[in-house]
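Structure first, then comments.
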């Protein structure tokens, strides 16, 4: 939800009302239409608090798992590591500085560094950033 709040909401609010309504009509899944509309109008504070609690819960579970195994699904680097790194592991500290991830989940930070040091990941991280300029840097500000 935070991604929708912080990124999609900014995009949705910058679309003219008539164009936004046309966009909604093209989204076939009702739940996705609702998410876009909510992102435009803004998520409630209660929803954001609930989403943050879920992220904290996940961080704690990941930290516990990494206390038992080197990688997320055991002793070997797997798709679980690739998926989590791509969706959360690389960005959680920047997106949620108030969680103090380095203190709360030091094993997660070590894991993130191990993933980033893998040759294929390191090579991918060196490639040209093709992200839209407005989405490249998370400032912590929601406009």
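Residue numbers (this note's numbering): 1 to 143. Glycine residues also receive a C-beta, built at the ideal position from the N, C-alpha and C atoms.
Using three-state DSSP, classify residue i as helix, strand or coil.
{"i": "residue 74", "result": "strand"}
{"i": "residue 124", "result": "helix"}
{"i": "residue 100", "result": "coil"}
{"i": "residue 118", "result": "coil"}
{"i": "residue 81", "result": "helix"}
{"i": "residue 130", "result": "coil"}
{"i": "residue 91", "result": "coil"}
{"i": "residue 86", "result": "helix"}
As a quick exercise: from the options, pick the residue whose alpha carbon is nearest that of residue i.
{"i": "residue 87", "options": "127, 44, 112 and 19", "result": "112"}
{"i": "residue 144", "options": "123, 118 and 36", "result": "Summary: the structure shown does not reach residue 144, with the chain confined to residues 1 through 143, and so no result is reported for it."}
{"i": "residue 70", "options": "16, 106 and 33", "result": "106"}
{"i": "residue 63", "options": "109, 130 and 83", "result": "109"}
{"i": "residue 98", "options": "17, 55, 22 and 129", "result": "55"}
{"i": "residue 57", "options": "15, 101 and 77", "result": "101"}
{"i": "residue 114", "options": "22, 104 and 85", "result": "85"}
{"i": "residue 82", "options": "126, 120, 15 and 29", "result": "120"}
What is the C-beta distance between residue i and residue j, in whole angstroms, given that I count them as a contact (C-beta under 8 Å)?
{"i": "residue 59", "j": "residue 92", "result": "7 Å"}
Got a sec? Which residues, its chain only, sit under 6 Å from residue i by beta carbon, not counting five neighbours each side?
{"i": "residue 89", "result": "112"}
{"i": "residue 77", "result": "71"}
Just to confirm my understanding: we take residue i, look at its own chain, exclude 5 residues before and 5 after, and list those with CB closer than 7 Å. What are they?
{"i": "residue 42", "result": "9"}
{"i": "residue 80", "result": "72 and 73"}
{"i": "residue 12", "result": "20, 36, 39 and 40"}
{"i": "residue 125", "result": "116"}
{"i": "residue 144", "result": "The shown model of the chain, from 1 to 143, leaves out residue 144, and the question about it has no answer."}
{"i": "residue 51", "result": "1 and 2"}
In its own chain, which residues sit with a C-beta less than 8 Å from the C-beta of residue i, not counting the 5 before and 5 after it?
{"i": "residue 122", "result": "116"}
{"i": "residue 4", "result": "35, 38, 39 and 43"}
{"i": "residue 138", "result": "Unreliable placement is indicated for residue 138, whose pLDDT of 48 sits below 50; the coordinate value is still reported in the next sentence. Excluding sequence neighbours, residue 138 sits near 6, 91, 94 and 95."}
{"i": "residue 75", "result": "69"}
{"i": "residue 47", "result": "1"}
Residue ranges of each beta strand (DSSP E) within the segment 2 to 57, 3 or longer: The qualifying runs do not exist here; there are none.
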